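**Q** In case it helps, the working numbering puts the first sequence at residues 17 to 486.
We put the CB at the ideal spot given by N, CA and C, even for glycine.
Owing to the predicted nature of the structure, the values given are computational and were not obtained by experimental measurement.
Quick one: the structure is below, questions incoming.
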Amino acid sequence: MSFNVYNSLSKTKEPFRPLEDGVVRMYNCGPTVYNRQHIGNFRSFLFADTLRRWLEYSGYEVRQVMNITDVGHLLDDQDEGEDKIEAQAKRTQKSPKEIADEYAQMFLEDIAQFGVLEPLARPRATEYIPEMVEMVEGLIAKGNAYQVGGDVYFDVASFPPYGRLSGNRVEDLVAGARIDVNEDKRHPADFALWKSDPRHLMKWETVFGPDGFPGWHIECSAMARKLLGDRIDVHTGGEDNVFPHHECEIAQTECFTGAPFATYWMHAKFLQVDGGKMSKSLGNVYTIDDVKEKGYDPRQLRYALIRGHYRTPLNFTWESMKGAAAELDNLDDLLALLQRAAEGADGDPGAGAELVQEAQAGFEAAMNDDLNVSQALAALLPLRRQALENAFGSEAAKDALAFLERAMAVFGIAREQDAGSDAEIDALVAARTQARADKDWAESDRIRDELAALGIEVKDTAGGATWRRK
RNA sequence: GGCGGCAUAGCCAAGUGGCUAAGGCGUCGGAUUGCAAAUCCGAGAUUCCCCGGUUCGAGUCCGGGUGCCGCCUCCA
C-alpha cells in the first residue's frame, strides 16, 4: 500500500513518490527565535517529526532539514528597519545575536523534551548569507529581480504561476489594499529579497550595499537548496506559512533553478485553545513549562498534540489534556500486559496472532492515508481488549509487543518498560499480598503507598497482584 | 474587500453517498474489592451547526446562512 499525502499545491491527496527511490528530502519551516515557543508552534514541529518517523517506518531514508530563523524579518514595509528579534533585543538591552541564541537554545531544549528526532541539519539563517546572496544575484541576472538602491525586489510579474499555492491572485492582493504602497517597487505585490538599512542591527556588506540584510523568504530557499539540492520532495510548515512565505519560496527557487521546487507541500492547521485562538490577554498561550506545572509530562503533551489529524484544527483544553494523558496511560498499560503475556502465557502460543496482523494492517492503512493518526490509534485498541482478557499466546504477544513498540515509536511515545523484572518491587508486592492474606489492612495499604511513591501501581487481578511503572 | 479551512455526544476525535454514525476520555448504574485502583457488564448522538436542494438513499455532494480558525504584514 502506498502513502497518500494531501498536497497543498494540488489540493488533493496524491500517492507519495520521492524523486529518488528510497530517499526523501524534506524541509521543515522552523521557528523564528525571538521568544519562547508555545504549544501551538510545537504542534507543527511535532507534525513534521511524525511525518519523518512515518517515512522511516515505511523504509525511507529521510534527509530532513529544519531551519532556525535567527535574523528577523521586517514588521512591515514601512517600519524603521526593525524586526522581531531586534525589537526584543532593544527591549531587553541585548544584542540580536544574544536574543537569537538564547531562544534557539530554549527551542532545542524544548524539542528534546518532546523526544523530537534530530534532523540532518538545523541551519541558521545567519550562516547562509552567501548562499542567499548568490540566489539574489542569480535572480537579478535572470531578470526575475531588480535592484533599487540597496534593495532588491522579486518581480512577481516575471513568474506567472505566482499564487498557485495560496490561491491568491495578484490582482486580489493589490485590491486588498493591505499591501503598502512602495514607490520603489514595480508592482505592489513584489517582495523584498534584500534590504538595506544602516540602522538595522544585523547587517552584512554585500554587492548590494554596505549594510543590508536578507528579505523575508530567501533564507529557506537558499538553505533548502544548499543542504538538500535544487529539488526536494516535501516542504512543511504551519498553515500560516502558505502565503506569503511558501508562495514566495516557490517563486524564488523555481526561477533560480528552472525546476520545480518541492513536489509535496504539507501544512499543519493551527492549534486552538479553548475553542479559539490563543491570546496573551486570555492567558492561554501555553509553553511546555505551563503544561508541566499542571502535572503533565512532555510525553503526554506530545500525545495530546499529535492525536488529532494534522489538517484539522486541534482544540487544546485542560480537559482534553487530561483525556490524552489517560489514553496514553492505557497504551502504556497495554505494553505492560503484552510484556507479561510474552514472558509466559499459557496455551496456544499463536493465540491472537491474527489480531496483531489486523491491528498492524489497520494502523498502516490509517497512517498511509495522509497520516490519519486518530484512526491509526483506534486500530491499536483491539489489542488491549485481547490482552486484558489474557487471550494472547506467548508468541502472538511477542509479535504484538514488537509491533506496538514500533507503532508507538512512530508517535514518538515509545517508552522503556521493565515490568516484572525488579526483585525489590516483587518483594514488596509479595509482602503486601501476605499482609492482605493476614487481613493486616494497615500494613497492606502502607506498602501500597510505598510502592505508589516509587511510581509503581499495583493491580489486584484474578490471577494475583501485578504491578507496573506509571 | 479577496483567498482557504473547520463545525460529529460533557470532552477529544474518525467517518473519502448506502449494513444498527469508529474509537478513546469522562460521567452514571451494576459486578468485583477489606477500602481503593485496575478489570468486567450495562447506559449515551431518533442524529452529525441551521435552512434549502440533488439523489432511491447524504454526516458525507450542491446553494445559502451562522460560528470558529488561518492567510492577504513577521508568525507553526
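Kindly indicate the opening and closing residues of the alpha helix (DSSP H) around tryptophan 232.
**A** Unbroken run through tryptophan 232: none, as it is neither H nor E.
**Q** Relative to the C-alpha of tryptophan 281, which candidate in Gly274, Asp454 and Asn257 has its C-alpha closest?
**A** Selected option, being the one with the closest Cα: Asn257.
**Q** With alanine 284 as the anchor, note down where its beta strand (DSSP E) starts and where it stops.
**A** Counting along the chain, the beta strand (DSSP E) containing alanine 284 begins and ends at 278-284.
**Q** Of the residues Ala468, Asp345, Glu405 and Met218, which one's Cα is nearest the Cα of alanine 105?
**A** For alanine 105, the nearest C-alpha among the options comes from Met218.
**Q** Which residues does DSSP pair with arginine 485 in a beta bridge?
**A** In DSSP, arginine 485 forms a bridge with Ile472.
**Q** Could you check what DSSP says for phenylalanine 61 in three-state terms: helix, strand or coil?
**A** In the structure shown, phenylalanine 61 sits in a helix (DSSP, three-state: H, G or I).
**Q** Can you tell me whether glycine 179 is buried or exposed? The criterion is at least 16 other CB atoms within 10 Å of its CB, across all chains shown.
**A** Classification of glycine 179: buried, given that the 10 Å Cβ count is 16 or more.
**Q** How about arginine 79 and arginine 33: are their beta carbons less than 7 Å apart?
**A** Against a cut-off of 7 Å, the Cβ pair of arginine 33 and arginine 79 comes out as no contact.
**Q** In chain order, what residues of the same chain lie with their CB nearer than 8 Å to the CB of glycine 480, ignoring the 5 residues before and after it?
**A** Counting only Cβ-Cβ distances below 8 Å, and skipping sequence neighbours, we find Thr449.
**Q** Where are the beta strand (DSSP E) runs, 3 residues long or more, that stay fully inside the segment 169-217, in chain order?
**A** Whole beta strand (DSSP E) segments, 3+ residues: 207-212.
**Q** At the level of alpha carbons, what is the spacing between leucine 25 and proline 276?
**A** Using only the alpha carbons, I get a separation of about 12 Å.
**Q** Can you grab the Cα-Cα spacing for the pair glutamate 235 / aspartate 249, in whole Å?
**A** The straight-line gap from Cα to Cα measures roughly 18 Å.
**Q** For leucine 71, count the other beta carbons within 10 Å of its own beta carbon; 16 or more makes it buried, fewer makes it exposed. Which is it?
**A** That one is buried.
**Q** Pick from Gly183, Arg318 and Val301: whose alpha carbon is nearest that of glutamine 53?
**A** Nearest option by C-alpha distance: Val301.
**Q** From serine 212 to aspartate 167, what distance separates their C-alpha atoms?
**A** Cα to Cα, serine 212 sits roughly 6 Å from aspartate 167.
**Q** By Cβ distance below 6 Å, which residues in the same chain neighbour alanine 173 in space, the five residues on each side in sequence not counted?
**A** Answer for alanine 173: His203, listed in chain order.
**Q** Check glutamine 450 in the structure and name its three-state DSSP category.
**A** Three-state DSSP puts glutamine 450 in a helix.
**Q** Can you tell me which of the three DSSP states aspartate 362 falls into?
**A** Correct three-state label for aspartate 362: coil.
**Q** Just to confirm my understanding: we take phenylalanine 63, look at its own chain, exclude 5 residues before and 5 after, and list those with CB closer than 6 Å. What are they?
**A** So the list reads Ala284 and Tyr326, once near-sequence residues are dropped.
**Q** Taking the alpha carbon of proline 31 as the point to measure from, which residue in Ala137, Arg241 and Val21 has its own alpha carbon closest?
**A** Out of Ala137, Arg241 and Val21, Val21 has the C-alpha closest to the C-alpha of proline 31.
**Q** Hey, could you find the ends of the alpha helix (DSSP H) isoleucine 429 is sitting in?
**A** Taken as a continuous stretch (DSSP letters only), isoleucine 429 belongs to no alpha helix (DSSP H), as it is neither H nor E.
**Q** Is it right to say aspartate 99 is buried, meaning 16 or more other beta carbons lie within 10 angstroms of its own, or is it exposed?
**A** Burial call: buried.
**Q** Give the list of continuous beta strand (DSSP E) stretches no shorter than 3 residues that lie fully inside the segment 120-167.
**A** As far as the segment 120-167 is concerned, its whole beta strand (DSSP E) runs of at least 3 residues are 161-164.
**Q** With a cut-off of 8 Å on the beta carbons, I'd call glycine 366 and glutamate 411 a contact; round off their distance for me.
**A** Correct: roughly 6 Å between the Cβ atoms.
**Q** So, is proline 176 buried or exposed, given that buried needs 16 or more other C-beta atoms within 10 angstroms?
**A** Result: exposed.
**Q** Among Met151, Gly131 and Phe123, whose alpha-carbon lies nearest the alpha-carbon of arginine 138?
**A** For arginine 138, the nearest C-alpha among the options comes from Phe123.
**Q** Note down the Cα distance separating arginine 485 from valine 474, rounded to an integer number of angstroms.
**A** Roughly 9 Å separates the two Cα atoms.
**Q** Would you call serine 60 buried or exposed, if buried means 16 or more other Cβ atoms sit within 10 Å of its Cβ?
**A** Label assigned to serine 60: buried.
**Q** Assign methionine 294 to one of three DSSP states: helix, strand, or coil.
**A** DSSP places methionine 294 in coil when its eight states are reduced to three.
**Q** Return the CA-CA distance between aspartate 476 and threonine 482, expressed in angstroms with no decimal places.
**A** Distance between the alpha carbons of aspartate 476 and threonine 482 is about 6 Å.
**Q** Taking the alpha-carbon of aspartate 131 as reference, which of Lys293, Arg68, Gln376 and Asp37 has the nearest alpha-carbon?
**A** The amino acid occupying residue 131 in the given sequence is glycine; aspartate does not appear at that position. It is Arg68 whose Cα lies nearest to the Cα of glycine 131.
**Q** So, for methionine 383: in the same chain, excluding its five sequence neighbours on each side, which residues have a beta-carbon less than 6 Å away from its beta-carbon?
**A** So the list reads Trp70 and Ala392, once near-sequence residues are dropped.
**Q** In the structure shown, what three-state DSSP assignment does valine 301 receive?
**A** Three-state result, valine 301: coil.
**Q** Since glutamate 411 sits in a beta bridge, which residues does DSSP pair it with?
**A** Beta-bridge pairing links glutamate 411 to no other residue.
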